[in-house]
Every structure is written in C-alpha cells, then in structure tokens.
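Okay, so here's the structure we're looking at.
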Amino acid sequence: MKNSLFSRIFALTHYRDPLLRRRAIGTYATASLVVAAGVLLLALMPIAFDVLNISQRLLYIVFEAILIFFGGMAIWLTGRGRQVNAAYVLTVSIVVATYASALIRVMDARAFLAITMALITLSSYLIGGAMPWMIALTAAPWFVFTFATSDQFVSASWLSILALYLPALLIHTVLAYLSGQSLPRLAQQAAEIAAERRIRLSEASTRVSQRLLAARLDQDGLVREITKVVKETFTDVDYVQIFLTDATRANLRLVASTYEENELPELTYAPGSLSLVGRASIGSQPVITRDTDMDTSGELSYMRSGFLPATRTEVAVPMRLGNEIVGVLDLHSSNPTAFQPEDIRIFETLAYQVAVAVDNARLFGEAQRQAEENKHLYDQTRSNLREIERLNRQLTGAAWSEYLSAVSSTPAYTVDLVTGIGIPEADWTSAMAEATRRNQPVVRESSGTGQPKIVSVPISVRGQVIGAMEFELPAYQPVSLEQLIFLQQSVESLGLTAENARLFEDTQRAAHRESLVNEISTRVQSMTSVDAVVATAAQTLSESIRARRVAIRLGTPDNLDETAELVR
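Numbering-wise, my numbering puts 408 at position 428 of the sequence shown, and it's gapless, one number per residue.
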C-alpha cells in the first residue's frame, strides 16, 4: 500500500527516456527538499519572529508560502509528465525566496552567492539550455546590490567584487552550462551502449537457441554442446556447468562442464546446501555472488567449486519447467564485475530453453527405450506366433496322418462334368503333388492339341497341407488372378470344413471309447470273484478290438531275468 501511494505521488510512467527520467527524479527530490524547508521554517517561525520586525515577518511568511506552494506544484506537474514546467516553477520559486531572504537580511551576500551558484548547477541539470545564464545574469546585479548595502562592504572594496566574486560566478556558470549541454549527449551515448549490449546479448541468445534446436536429442551430447556454445557466445563466461536433478530429486549431479584440465569430477550438491547451486535449486531467482562478497568473518558466504579456482564471479540460474526445477545452469567468470542485471535476464531465458531442450532429450530417450522394448516384445511375439503356427501345423499334420491311417480308404472323389459320372477315388497327379509341395496353386497349360489345361490348388488347414484339388479346363479358357484367388479361398473353406468334420468324427470316436470303457468297467465291477473279473475283462476287451487271442496272468514271474531272455 505504501509503495503504491509513493508511486502515485512520485510517478515516473511518463518518462521513458533515461535523461528525462533522471531529470524527473531530480525534480522530485528538489521539490521535496523545498517543501521540507518550508515546513521547517514554518516550525521555526516563533523563534524567527522574536528577531524580525513587522515587514520582515511579512516577507518571512511569504517566503514560507512560496516554498511550500511552489514545491507542491512542482511535484504535481512532474507527476503529470510536465517536468520542464515543474523545474521552471521550482527554480523561479527558489530564486524569489533567495532574493527575498537577501532583501530582509536573513542571509548575507556570500551566502546569497553560494545559494545562487548551487541553483545554477541545479537548473543546468533539471532544465539545461540557457537557464544557468539567465539565473547568473539576474543574480549578479542583485549580489552587487546586496554586497554593497551590507556591512561586508565596509571591509572590502569594489575590486574584491570584480576580481573575486563575479569571476567565480562566471566560471561556475560556464562549467554548469557546459555540463548541462553534455548531459543529453552522455545520456544518448549511454542509451546507445546499452542498446548495443542488449542487441549483442539478444543475438547471442538467438545463436544459442539455434544451436539448441540443431543439437541431437541425446541428453549427454546435448548438455555438452550447451556448455560449449554458451562459453563461445558470452565473452565474460569462463566456465559453464550444468547440474541436473537425479531420479529421486534428492541431489543435483554435475553432468557437463567446460573445465578441461581434468576429467569431469563426481560432483553432487544437495538442494538448499551452502553452495550457490544448492541455494539456486530451492528458489525461483538466480543467485549471484562475487569474491568481494564477504561475511563479517572475512570469508565468502558461499561454498566455491573447488576445481574452478580462478572464479571471481559466479551466478547460478535455476532451470525451471513450470513449478519444477530440473537443474541449475552454473556460470563462472574471472571478471569481478561480470554478469550485470541485463545479462542475468538473458541467462534466465537461456536456462528455460536449456530446461526445455534437456526435457525433450529425456522424453526422446524414454521414447526410444520404450520403442526398443516394444520392438523386442513385438519380435518375441512374432517368434512365439511362428512357433505356435509351427506347432499347429505339426499337430494338424499328425492328426490328419493318424486319421488317414485309421480309415479303411483315403477320402477322394473324381467327377466328370461332361458325362456327369462321379467315382469315390482319385489318383495323385504330378500337378497335385507340385501344388502340395509348394503350398500354392499350380497352373499347367495345354501340352498339345486336345489336351486340357490343369489347375491344381492345395487344401491346407492352419498352413498345413492335407490334400489337393485339381481342375481340368479347356485349353482355350484363360485363368485370371481373380479366379485363382477365388479357387484358393474356396479350397481353404473346404479344408476348414474337412477339419471340422474330422474333429467331429474324433469326438464321436472318443465318446464311443468312453462308452466302451464305461461298459467294461460296469461289467467287471459286477463280478464277485477275481477269476470272474479276469474272465469277463478278457472276453469284453477281445470283442471290443476283435482280437483272435487274449491272455491274462496275475502275479509276477519267478525268474525275471529268464523271462526277459525269453522275450528277447
């Protein structure tokens, strides 16, 4: 609240130019002193009235009113962007008050001259131009009059006025005028130097940003590249270090440095430690220190990096991503006056860019690792699928081999669509054998006049060939790719249907075997003696498998070795 009130009374928002801003501050300060002097004189008025006559008292009151009123007016005008008018009002009010003081003999001629010379200096700073000459020209005759009519003239002469006081006033006016004239040029030069420095820093920051964008997304290589680029770009930077937080956020680890005399040391700092890096990691602002910053014991108030002995100035800038600090950019310089406020603002922007680049590199690394893991899982899944397909083909092939060996005749069929005759048999042809071997359709063109065109398509289930189907076409009839695809899909459907039928038959056979086992168990369990159980089991099992002879013997042979020899 106090700062807000102060900024409203002594506003500087209208003054963007550095020279005008300084003149406005000087006008505020001078006007405040004038008002304070008027208030002080008002407080001393009872004492002054004891030694002043009626006319002097009146002039005293006018003098106080001039100081307070015109000092307040100067503050009001300056706050509204009219600093020159405020300076004129302030200068004229001080001149009038000074002349009035000299008139009522409150000050002597020498004090009048000293105040006049101070006023000339002040006007050259606040107004400039010809104002110092105007004050000097009006003050010179008034000084001569005041000096000549005072008691000081008794012990002096006109020669002392002309040879000492007036030349001093002239020389002071000339110097004040020249100083006032040089102020705009100096301010312009300072502004040009500051602008050039800002442009240079901005260009340096832009170059660093471009290098960051062009850098690889490998985190280790990126941080090394950043330290190198920052050192090459900023002339006051001698060493650059980057500290990054570990996975637990418990320590800051040195990951890159431009210090090349030794290998990168294993250097870690805890957040909040006495080091500059530790202090920067728990705040939101950069931390800067110089070797001239000593505590009361004459020691540095921070812990310097042991392997950077030439450091005279160090600044640690936190690398932030939102509310999270991911690291610290640590800059060292041998120049004790390095790293001015405008430099630090550039470093803050740079630290944010570095934080983003490092985070992108981290995310890119994690994405690469995840992609490699996914690729490994994908390759493993493909390998497992291939193994499953191989096992399925093997099992399917074994099942069909067992099925075909169990049936009395191999399923086959041949139909002659010309005669309409169909017979339940078919022989293997060379085209069918080739189709089953290659597991893809085979088309053989007519080998002579009147010979048909042969198309053989393998019958497969889950990649395992279980047979083939052959078509005879007229020699002149073309076979398109669409027809082959249609035949292949139809034959695949045939294979699935045959597989389902085989599975159904296997299920029926399994059910039949289960029924026989249950029947045998029921018969055997109904017997009440061992002999009856053995006889019933032999008779029932011989009927189920149609055996010509069945023998059952309980117990073990007396001589196993002889029995084994007989078996052999």
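Even glycine gets a Cβ: it sits at the ideal position worked out from N, Cα and C.
Query	Result
Are the beta-carbon atoms belonging to Leu464 and Pro432 less than 8 Å from one another?	no
With distance defined between alpha-carbon atoms, name the residue in Val423, Ser440, Ala448 nearest to Pro454.	Val423
Which same chain residues, not among the five before or five after Ala94, have their C-beta less than 7 Å away from its C-beta?	none
Is Thr96 closer than 8 Å to Ala119 when the C-beta atoms are compared?	yes
Can the beta-carbon of Val306 be found less than 8 Å from the beta-carbon of Asp271?	no
So, is Ile262 buried or exposed, given that buried needs 16 or more other C-beta atoms within 10 angstroms?	exposed
Kindly indicate which residue of Lys355, Ser426, Gly443 has the alpha-carbon position closest to the one of Val459.	Ser426
Would DSSP call Ala296 helix, strand or coil?	strand
Quick one: what does DSSP say Val235 is sitting in, helix, strand or coil?	strand
Alpha carbon to alpha carbon, how far is Glu176 from Glu322? Give it in angstroms, no decimals.	12 Å
In or out: Phe(-14) buried (at least 16 other Cβ within 10 Å) or exposed?	exposed
For Asp310, count neighbouring C-beta atoms within 10 Å of its own C-beta (all shown protein chains included) and say buried if the count is 16 or more, exposed if not.	buried
Report buried or exposed for Pro537, applying the criterion of at least 16 other Cβ atoms within 10 angstroms of its Cβ.	exposed
How should Ser277 be labelled, buried or exposed, when 16 other C-beta atoms within 10 angstroms of its C-beta is the threshold for buried?	Bear in mind that a pLDDT of 43 at Ser277, under 50, signals an unreliable position, so the number given afterwards is only what the model happens to contain. Exposed.
From Ile324 to Asp216, what does the alpha carbon distance come to, in whole angstroms?	12 Å
Looking at C-alpha atoms only, which residue of Val435, Pro266, Tyr68, Ala386 is the closest neighbour of Phe466?	Val435
What first and last residue would you give for the beta strand (DSSP E) that runs through Ser313?	304 to 313
Mind checking Thr7: buried by the 16 CB within 10 Å criterion, or exposed?	buried
Look at Ile48 and Val19 and say whether their C-beta atoms are less than 8 Å apart.	yes
Can you round the beta-carbon distance between Val210 and Val220 to whole angstroms, since I take them to be within the 8 Å contact cut?	5 Å
According to DSSP, is Leu396 helix, strand or coil?	The sequence given here has Asp at residue 396, not Leu. Of the three classes helix, strand and coil, the one that applies to Asp396 here is strand, per DSSP.
Could you check the C-alpha separation between Asn372 and Met299 for me, to the nearest Å?	58 Å
Does DSSP classify Gly402 as helix, strand or coil?	strand
So is Met449 buried or exposed if we call it buried at 16+ other beta carbons inside 10 Å?	buried
Where do the N-terminal and C-terminal ends of the alpha helix (DSSP H) with Thr376 fall, by residue?	321 to 386
Leaving out five residues before and five after Asp252 in sequence, what residues of the same chain have Cβ atoms less than 6 Å from its Cβ?	The sequence shown places Gly at residue 252, not Asp. Contacts found: Gly258, Ile262.
For Tyr456, name the three-state secondary structure that DSSP assigns.	coil
Is it buried or exposed, Ser103, if we count other Cβ atoms within 10 angstroms and call 16 or more buried?	buried
Tell me which same chain residues have a C-beta within less than 8 Å of the C-beta of Ala11, skipping the five on either side of it?	Gly51, Gly52, Ala54, Ile55, Thr58, Ala66, Leu70
Are Phe223 and Tyr249 touching if we call contact CB-CB under 8 Å?	yes
Here's the rule I'm using: 16 or more other beta-carbon atoms within 10 Å means buried, otherwise exposed. How should Leu202 be labelled?	buried
Are the CB atoms of Glu328 and Val297 within a distance shorter than 8 Å?	yes
Over what stretch of residues does the alpha helix (DSSP H) that includes Thr477 continue unbroken?	461 to 505
Determine the direct distance from the alpha carbon of Gln350 to that of Leu357, and round the result to whole angstroms.	10 Å
Since Val15 is in the beta strand (DSSP E), which residue starts that stretch and which ends it?	No beta strand (DSSP E) holds Val15; the alpha helix (DSSP H) holding it covers -2 to 23.
Assuming contact is defined by CB atoms lying nearer than 8 Å, are Val437 and Gly475 in contact in what I supplied?	no
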